[in-house]
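Asker:
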Amino acid sequence: MALNLKYQLKSDLLKFEYFSIAIDETVDVVGIAQLAIFFRACESDFNIYEEFLELVPMLDITTSKDIFIKLLQILFEYGFDLMKLVCLCTDGAPNMAERHAGVAAKLRAEIEKVNPGSSFAHFHCIIHQQYLCSKILKMENTISLVTKTVNYIRGHPLNHRQFSKLLTDINNQFHDIPFYTPVRLLSLHKVVKRFYLLRSEIILFMEMKGQNTDEMKSQSWIKDLAFAVDITTHMNDLNLELQGKDKLITQLSDHIKCFISKIKLWKFQLLNEDLSHFPTCKELRSTVDAHNVMNFSQYERQSLLKEFQERFNDFSFFEHQFSLFASPFSFNVSNADESLQMELLEIQSDSILNAKYLEVGISAFFSYLPGKFKNFKKFATKIIAMFGLTYVCEQLFSFMKMTKTAQRTRLTDEHLVGTTRIAQPDISKIVSKKRCQSSGSSSHQN
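In case it helps, our numbering puts the sequence shown at residues 482 to 927.
In structure tokens:
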């Protein structure tokens, strides 16, 4: 069946106008580096197609050259046309993203050979970028104490049981505190929020254990913790908005632009001690007698704003294209590519199309465009085909950890790939190629 799925993918390639690639690498349970390759494509009828392509074991070093050769080999093996490749999405590792020698740079050079002047795009996964931006908040002092304390409680079975019993005995609404995983922003948000809500109980428990609690009882540290709760809540909300299948690159870009605008607002408000969008800080300040100690203007985060603007600068290059795609009826025609201007004028002048756009929304609108808008439809399929996230790779790695475990280390790469296909096999075609054996004679003479 896995082989049938591979043949199906090869035949489906003929239907795709444009496609994008997402790649990421991880190390499996036996220490082998695995390169995950996904593709996203848009058909001429604007159906979105996302599929796992290959999981390639990297048995030696994983330089940009090695990864590039493997990637190109897989693309040619399946029959992908580089003329139709519009985007590569990777994590931010140097071997992937280095400007002149990374995989993206090598792939761009290869595409230039067959398609000079190509507008090939390379995007660093938006969620990964957002996580890196969050590290600029410099909450190490707060997070290190939270992590140390949580590990003390959760890392020792006796402490864990005793802490859970303490919460139960005092009828607390919570019965535990979660672990913190440094590479997961969602984990950080959950831990700091629960820690803040249980801070009195945690201090009590640590003192019962003879641990020093002076720092976590200080007003300045509690203030830092409150701010960490609120800012990670905002970052967590953005993270959730960015997740999910079939997200358009324009939607992801809009979420980032909106968040940058929010940072600018928070910057101004915090300078003026306005905590409207920092409810935990606001609640803490209202409960502390020494009001002047709870000055939050120090949390004006110019560094966070700068980091977001710099890390997502790649999207600014495509801002006009994204705007044209998302708002074709209000876009200034003179700013459009000359190959689209005449068609765009006709679209903007068509009241029926305008009504359909308002009715079905941008995701479905382009499928209603008549065939005469050939250039504009090709432009739209190119945008729809773009990958902005490597979330599909992350999902695969999670599945791989559950599938290729310490008890199943002999699972071959071929079997692992076969179990992770998203497409459905053509069962009837597989069966039709099998020759059925008769179990015996169809008739017997008496």
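Backbone N, C-alpha and C define an ideal beta-carbon position, used for all residues, glycine too.
Model, not experiment: these values are computed from the prediction.
What is the DSSP secondary structure of Asp711, reduced to helix, strand or coil?
Answerer: Three-state result, Asp711: helix.
Asker: Between the region 495-509 and the region 696-705, can you find at least three pairs of beta-carbon atoms closer than 8 Å?
Answerer: Verdict: no, contact absent.
Asker: Answer yes if the region 604-611 comes into contact with the region 538-552, meaning at least three C-beta pairs across the two stretches below 8 Å, and no otherwise.
Answerer: The region 538-552 vs the region 604-611: no contact.
Asker: Do the CB positions of Tyr849 and Lys837 come within less than 8 Å of each other?
Answerer: Yes.
Asker: Is there contact here, the region 818-827 with the region 838-848, by at least three beta-carbon pairs under 8 Å?
Answerer: Result no; under three Cβ-Cβ pairs closer than 8 Å.
Asker: With DSSP collapsed to three states, give me the class of Asp650.
Answerer: Looking at Asp650 - three-state DSSP - the assignment turns out to be helix.
Asker: Going residue by residue through the region 512-567, where are the continuous alpha helix (DSSP H) segments of at least 4 residues, counting only ones entirely within it?
Answerer: The qualifying runs are 545-559.
Asker: Buried or exposed: where does Gly869 fall if 16 or more other Cβ atoms within 10 Å of its Cβ makes it buried?
Answerer: The residue is buried, with at least 16 neighbouring Cβ atoms inside 10 Å.
Asker: Please confirm whether Thr731 and Ala807 have their CB atoms less than 8 Å apart.
Answerer: It is a contact, given that the beta carbons lie within the stated cut-off.
Asker: Which residue's Cα is closest to the Cα of Asp657: Asn720, His641, Asn794?
Answerer: Looking at the Cα atoms, His641 is the closest of the given residues.
Asker: For Arg680 and Ile550, what's the separation of their Cα atoms in angstroms?
Answerer: Taking the straight line joining both Cα atoms gives about 53 Å.
Asker: Note down the Cα distance separating Leu626 from Lys594, rounded to an integer number of angstroms.
Answerer: Taking the straight line from one Cα to the other gives about 54 Å.
Asker: Hey, Val673 and Leu706: beta-carbon distance below 8 Å or not?
Answerer: A contact, by the Cβ cut-off of 8 Å.
Asker: What residue range is occupied by the uninterrupted alpha helix (DSSP H) comprising Phe686?
Answerer: First-last of the alpha helix (DSSP H) with Phe686: 680-689.
Asker: On the CB-based measure, 16 or more other CB atoms within 10 Å of its CB, does His605 come out buried or exposed?
Answerer: Answer is buried; the Cβ neighbour count reaches 16.
Asker: Just to confirm, is the Cβ distance from Leu786 to Lys748 under 8 Å?
Answerer: Yes, the Cβ-Cβ distance between Leu786 and Lys748 is below 8 Å.
Asker: Note down the Cα distance separating Ala602 from Leu825, rounded to an integer number of angstroms.
Answerer: Taking the straight line from one Cα to the other gives about 24 Å.
Asker: On a Cα-Cα basis, can you pick out the residue from Arg521, Pro851, Leu729, Met716 that is closest to Glu531?
Answerer: Cα-wise, what sits closest to Glu531 is Arg521.
Asker: With a 10 Å radius around its C-beta and 16 neighbouring C-beta atoms as the bar for buried, classify Thr761 as buried or exposed.
Answerer: The residue in question, Thr761, is buried, as its Cβ has 16 or more Cβ neighbours within 10 Å.
Asker: For the putative contact between Phe655 and Leu639, defined by C-beta atoms under 8 Å, what is the C-beta separation to the nearest angstrom?
Answerer: About 19 Å separates the two Cβ atoms, so there is no contact after all.
Asker: Have a look at the DSSP bridge pairing and note the partners of Glu506.
Answerer: Leu516.
Asker: Measuring CB atoms only, is the region 732-746 touching the region 713-723, in the sense that at least three cross pairs come out at less than 8 Å?
Answerer: As far as the Cβ criterion goes, the region 732-746 touches the region 713-723, which means the pair count is three or higher.
Asker: Closest to Phe798 by C-alpha separation, out of Gln822, Pro597, Ser734, Pro575, would be which residue?
Answerer: Closest by alpha carbon: Ser734.
Asker: Leaving out the 5 sequence neighbours to the left and right, which residues in its chain are closer than 8 Å to Asp547 when beta-carbon positions are compared?
Answerer: Once the five neighbours on either side are set aside, the close Cβ partners of Asp547 are Met539, Asp541.
Asker: Given a cut-off of 8 Å on the beta-carbon distance, is the pair Ala585 and Ala574 in contact?
Answerer: Taking 8 Å as the Cβ cut-off, Ala585 and Ala574 do not qualify as a contacting pair.
Asker: Can you look up Ala817 in the DSSP assignment and give me helix, strand or coil?
Answerer: Three-state DSSP puts Ala817 in coil, outside helix and strand.
Asker: Which value, in whole angstroms, describes the spacing of the CA atoms of Ile843 and His637?
Answerer: Looking at the two C-alpha atoms, the distance is approximately 53 Å.
Asker: Could you spell out where the beta strand (DSSP E) holding Phe604 opens and where it closes?
Answerer: Where Phe604 is concerned, the enclosing beta strand (DSSP E) stretches over 602-605.
Asker: Rank Ser645, Glu621, Leu494 by C-alpha distance to the C-alpha of Tyr559 and give the top, closest one.
Answerer: Nearest option by C-alpha distance: Leu494.
Asker: State buried or exposed for Gln515, treating a residue as buried only when at least 16 other CB atoms are found within 10 Å of its CB.
Answerer: Buried, because 16 or more other Cβ atoms sit within 10 Å of the Cβ of Gln515.
Asker: Closer than 7 Å: is that where the CB of Glu506 sits relative to any heavy atom of the ligand NAP?
Answerer: Among the components of this structure there are no ligands whatsoever, and the ligand NAP is therefore not found.
Asker: If you draw a straight line from the alpha carbon of Lys646 to that of Leu685, how long is it in whole angstroms?
Answerer: Cα to Cα, Lys646 sits roughly 13 Å from Leu685.
Asker: What residue range is occupied by the uninterrupted alpha helix (DSSP H) comprising Ile833?
Answerer: 832-841 is the span of the alpha helix (DSSP H), which, as asked, contains Ile833.
Asker: Identify, in the order they occur along the chain, each residue of the same chain with its Cβ nearer than 6 Å to the Cβ of Phe644, setting aside the five sequence neighbours on each side.
Answerer: Once the five neighbours on either side are set aside, the close Cβ partners of Phe644 are Ile634, Phe686.
Asker: Short of 7 Å in beta carbon distance, which residues of its chain neighbour Leu648, apart from the five on each side in sequence? Order them along the chain.
Answerer: Within the same chain, Leu648 has close Cβ partners Phe655, His656, Glu682.
Asker: What are the boundary residues of the alpha helix (DSSP H) that includes Ile658?
Answerer: That residue, Ile658, is in no alpha helix (DSSP H); it is neither H nor E in DSSP.
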